[in-house]
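For the sequence shown, the working numbering gives the first residue as 7, with consecutive numbering after it.
Note that CB positions come from ideal geometry on N, CA and C, so glycine has one too.
As structure tokens, the structure follows; a few thoughts come after it.
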Amino acid sequence: MEVVILPDAAAIGVAAADLVEDLLRDRPDAVLGLATGSSPLPTYDELAGRCAHGRVSFARARAFTLDEYVGLPPEHPAAYARVIRDELADRVDFGAEAVVGPRGDADDVVTECARYDAAIREAGGIDLQILGIGTDGHVAFNEPGSSLASRTRVKTLTEQTRADNARFFGGDRSAVPRHCITQGLGTIMEARHLLLVATGAGKAEAVHQMVEGAVSARWPASILQLHPTVTAFIDEEAASRLELGDYYRFVQRHKGGVNALVGSDPLP
Ligand code: GLP
Numbered sequence: 007m008e009v010v011i012l013p014d015a016a017a018i019g020v021a022a023a024d025l026v027e028d029l030l031r032d033r034p035d036a037v038l039g040l041a042t043g044s045s046p047l048p049t050y051d052e053l054a055g056r057c058a059h060g061r062v063s064f065a066r067a068r069a070f071t072l073d074e075y076v077g078l079p080p081e082h083p084a085a086y087a088r089v090i091r092d093e094l095a096d097r098v099d100f101g102a103e104a105v106v107g108p109r110g111d112a113d114d115v116v117t118e119c120a121r122y123d124a125a126i127r128e129a130g131g132i133d134l135q136i137l138g139i140g141t142d143g144h145v146a147f148n149e150p151g152s153s154l155a156s157r158t159r160v161k162t163l164t165e166q167t168r169a170d171n172a173r174f175f176g177g178d179r180s181a182v183p184r185h186c187i188t189q190g191l192g193t194i195m196e197a198r199h200l201l202l203v204a205t206g207a208g209k210a211e212a213v214h215q216m217v218e219g220a221v222s223a224r225w226p227a228s229i230l231q232l233h234p235t236v237t238a239f240i241d242e243e244a245a246s247r248l249e250l251g252d253y254y255r256f257v258q259r260h261k262g263g264v265n266a267l268v269g270s271d272p273l274p
């Protein structure tokens with residue numbers, strides 16, 4: 007896992023947008039994985055600005071969202087389908103129907119989960135998956151105890167997550183649905199590159215467990231340790247409990263050192 011500690015959320019937005027821009031330059035028809043929550047918003051703002059200036063185009067790209075609340079129609083203000091439309095899809099040049107998510111209002115949510123998982127595979131898998139992290143270490147809505155091999159399925163939200171997300175429901179925790187559809191940890195791990203963004207002191211313990219804890223369903227994000235290509239952009243506050251923070255900073259300062267040696271004159 008490449009841990010990159012940056013000063014603040016704005017710097018993370020720029021760095022994350024750089025990764026998306028680089029991917030779309032190399033592969034204009036890339037498949038993106040989009041997260042909701044507040045953490046990726048600076049990234050989406052940055053991408054919207056770059057798209058408006060013609061620096062990046064999503065015209066040939068496709069995207070899958072991570073999760074959705076069960077029972078909410080896509081036009082509900084807190085539905086993740088709506089949030090992704092408002093925060094990114096409608097602000098850039100995605101084609102019609104290019105951004106899809108699981109239907110939280112499907113008549114048969116179990117079948118919907120299997121269909122969604124299959125749709126990701128049929129699209130060739132996700133090239134770059136943007137992820138946030140919950141205060142309890144969840145990614146997407148894979149709450150503690152989730153199978154590390156899980157597929158897209160229905161989950162029950164913890165009361166902590168419902169409390170955390172009440173701000174998107176007018177501060178009313180009771181309005182937050184109890185169930186969700188979420189890509190599984192096994193599904194997420196099939197993406198070719200995972201990009202996790204985390205900001206604020208409230209994420210410090212979850213970030214510590216993700217990067218430095220044991221791989222365990224207790225802290226679902228710790229499964230990322232088993233993925234070969236993870237970039238974690240973390241602000242100073244979210245990095246405050248990392249035991250090896252100074253080492254990660256040292257690595258970034260000396261990044262390129264190995265490549266600089268390749269092709270150089272042999273040592274005497
Ligand atoms: C939500 C979402 C996650 C998100 C996380 C953190 O519940 N399902 O995808 O990463 O919680 O949200 P935030 O970035 O707002 O802190």
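Secondary structure of D241, DSSP reduced to three states: For the purposes of this step, residue 241 is identified with residue 235 of the sequence shown, where counting begins at 1. Strand at D241.
Going by C-alpha to C-alpha distance, which of Q258, R88, G101, L134 sits closest to L202? Within the sequence shown, numbered from 1, the residue matching residue 202 stands at position 196. Of Q258, R88, G101, L134, the residue nearest in Cα terms is L134.
Distance between G262 and A175 (C-alpha atoms, nearest Å): Translated into the one-based positions of the sequence shown, residue 175 becomes position 169. Translated into the one-based positions of the sequence shown, residue 262 becomes position 256. Per the sequence presented here, residue 175 reads as Phe, with Ala not at that position. If you take the alpha carbons of F175 and G262, they lie about 45 Å apart.
Applying the 10 Å Cβ sphere with the 16-neighbour rule, what's the burial state of E103? Reading the sequence shown from its first residue, position 97 is the one you call residue 103. Burial call: exposed.
Hey, how far is the Cα of P272 from the Cα of S228? For the purposes of this step, residue 272 is identified with residue 266 of the sequence shown, where counting begins at 1. For the purposes of this step, residue 228 is identified with residue 222 of the sequence shown, where counting begins at 1. Confidence at P272 is low in this model, with a pLDDT of 45, below 50, so the placement of that residue should be treated as unreliable; the coordinate-derived value is given next. Taking the straight line from one Cα to the other gives about 40 Å.
Take A125 and list the residues in its own chain whose beta-carbon comes closer than 8 Å to its own, dropping the five residues that flank it on each side. Translated into the one-based positions of the sequence shown, residue 125 becomes position 119. Result list for A125: F70, V106, in chain order.
For I18 and A129, what's the separation of their Cα atoms in angstroms? Mapped onto the sequence shown, residue 18 falls at position 12. Mapped onto the sequence shown, residue 129 falls at position 123. If I take the Cα positions, the gap works out to 28 Å.
Does at least one heavy atom of the ligand GLP sit under 7 Å from the Cβ of A41? Working through the sequence shown from its first residue, we reach residue 41 at position 35. Result yes, Cβ under 7 Å from the ligand GLP.
Count the C-beta pairs between the stretch 135-153 and the stretch 30-49 that are closer than 8 Å, then say yes if the count reaches three, no if not. yes
Can you tell me whether R56 is buried or exposed? The criterion is at least 16 other CB atoms within 10 Å of its CB, across all chains shown. Taking the first residue of the sequence shown as 1, we reach residue 56 at position 50. Buried: at least 16 other Cβ atoms inside 10 Å.
So, helix, strand or coil for I118, using DSSP? Mapped onto the sequence shown, residue 118 falls at position 112. Looking at the sequence itself, residue 118 is Glu, so the reference to Ile does not match. Helix.
Three-state class that DSSP yields for T42 in the structure shown: By one-based count along the sequence shown, residue 42 stands at place 36. In this structure, T42 counts as coil in the three-state DSSP scheme.
Taking its Cβ as the centre, do 16 or more other Cβ atoms sit within 10 Å of T117, making it buried, or is it exposed? Against the sequence shown, residue 117 aligns to sequence position 111. That one is exposed.
Counting along the chain, where does the beta strand (DSSP E) carrying L191 start and finish? As a first step, residue 191 must be located in the sequence shown, where it is residue number 185. Here L191 belongs to no beta strand (DSSP E); instead the alpha helix (DSSP H) covers 191-195.
Let me check one thing: in DSSP terms, what residues is N148 bridge-paired to? Within the sequence shown, the letter at position 142 stands for residue 148. Paired residues: V145.
For the ligand GLP, any of its heavy atoms closer than 7 Å to the Cβ of D14? Working through the sequence shown from its first residue, we reach residue 14 at position 8. No; taking the cut-off as 7 Å, the Cβ of D14 has no heavy atom of the ligand GLP nearer than that.
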